[in-house]
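For reference, the structure discussed in these notes is given below.
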Amino acid sequence: MVNNEALILRLLCGVKAFAGFSPQDGRDLMTCAVRHDVAVGNRVVREGDGGREFYIVLSGEFSVVKMLPSGKEKIIAKLHPGDTFGEMSFLDGRPRAASVIADSSGLLLKFERPSLLKIPETAAKIYFNLANLMASRIRETNSLISLALEGRETPTGPGVPAEALKTHRNVRKF
C-alpha cells in the first residue's frame, strides 16, 4: 500500500489511466498500489507469461520488447515516467504480448486486478480510461501498419522508436 498525498496528486495529473479521478479516488487507488523497485536489466514482465496486473512508471526508463518469428527480440516502444504497461493482460487475463525490460533502475507502482475490484467505482473509471488508452494505441499501430504496407515511413512520434518502423517495414505486402 502506498499512501503519499503528493504522489497521489502527481499521478492524478500525469497518468492517463487516472484521468478524471478525484483526490478521493486517488486515495482509494493508492490503497491497492504496490511499490516495485526495479534494477537495470530486470525483466519486469515476460512475453507469454500470465498476469493480472498493470504498472505505472514513476521513475526510470523501460523498453517494451517483442519476440519476432526469427527468434530475435525487437524494441517496439520506450516507456518513461507517467507511462503504463501491462494493461492488456490486466483487462483480458491472457498472456503478456511483450516483455518490459528496465533500461535504468526505476520505480513502478503495480496494481493487481483482485485488489482494484474491491473498490468498484474506482475500478470502473480505470477500465474506462484503459479502454481509451488501448484504443489510442491501436489507432497508432494501425497507422504504422498502413504506412508499412505502402512501403512508406513517417517520422517517429512520442513512444514510437525508429526501431518500431524498421520492424514494420518487414511486413509483407499483400
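Just so you know, we're using this note's numbering here: the sequence shown kicks off at 33 and counts up by one.
Where is the CB? At the ideal position from N, CA and C, for every residue including glycine.
Closest residue to residue 95 among 79, 83 and 38 (Cα-Cα distance): Here residue 95 refers to the residue found at position 63 of the sequence shown. Answer by Cα proximity: 79.
Entirely within the stretch 38-82 and at least 3 residues each: give me those beta strand (DSSP E) ranges in chain order. 66-70 and 75-77
Using the DSSP secondary-structure output, state which residues sit across from residue 117 in a beta bridge. Taking the sequence shown and counting its residues from 1, one reaches residue 117 at position 85. Beta-bridge pairing links residue 117 to 87.
Measuring only the C-alpha atoms, how far is residue 175 from residue 119? In the sequence shown, the residue the question calls residue 175 occupies position 143. In the sequence shown, the residue the question calls residue 119 occupies position 87. Between residue 175 and residue 119, the C-alpha separation is close to 21 Å.
Test item: CB-CB of residue 140 and residue 108 under 8 Å: Working through the sequence shown from its first residue, we reach residue 140 at position 108. Working through the sequence shown from its first residue, we reach residue 108 at position 76. No, they are not a contact pair.
Per-residue burial, residue 121 [other beta carbons within 10 Å of its own, 16 or more giving buried]: If you number the sequence shown from 1, residue 121 lands on position 89. By the 10 Å Cβ count, residue 121 comes out buried.
Sequence ranges, alpha helix (DSSP H) only - wholly within the stretch 88-170, length at least 4: 119-124 and 145-148
Within 10 angstroms of its Cβ, does residue 92 collect 16 or more other Cβ (buried), or is it exposed? As a position in the sequence shown, residue 92 is number 60, starting the count at 1. That one is buried.
How about residue 151 and residue 75: are their beta carbons less than 8 Å apart? Position 119 of the sequence shown, counted from the first residue, corresponds to residue 151. Position 43 of the sequence shown, counted from the first residue, corresponds to residue 75. The answer is no: Cβ separation not under 8 Å.
Applying the criterion that 16 or more other CB atoms from any shown protein chain within 10 Å of the CB defines a buried residue, is residue 158 buried or exposed? Taking the first residue of the sequence shown as 1, we reach residue 158 at position 126. So residue 158 counts as buried.
Of the residues 66, 164 and 48, the one placed nearest residue 147, counting alpha carbons only: Locating residue 147 in the sequence shown gives position 115, where the first residue counts as 1. It is 66.
Considering only C-alpha positions, which residue in the set 161, 135, 181 and 125 is nearest to residue 47? Taking the first residue of the sequence shown as 1, we reach residue 47 at position 15. The candidate whose alpha carbon is nearest that of residue 47 is 161.
6 Å CB neighbourhood of residue 142 in its chain, flanking five on each side removed: The residue given as residue 142 occupies position 110 in the sequence shown. Within the same chain, residue 142 has close Cβ partners 66, 68, 85 and 87.
So what does DSSP say about residue 172, is it helix, strand or coil? Within the sequence shown, the letter at position 140 stands for residue 172. Looking at residue 172 - three-state DSSP - the assignment turns out to be helix.
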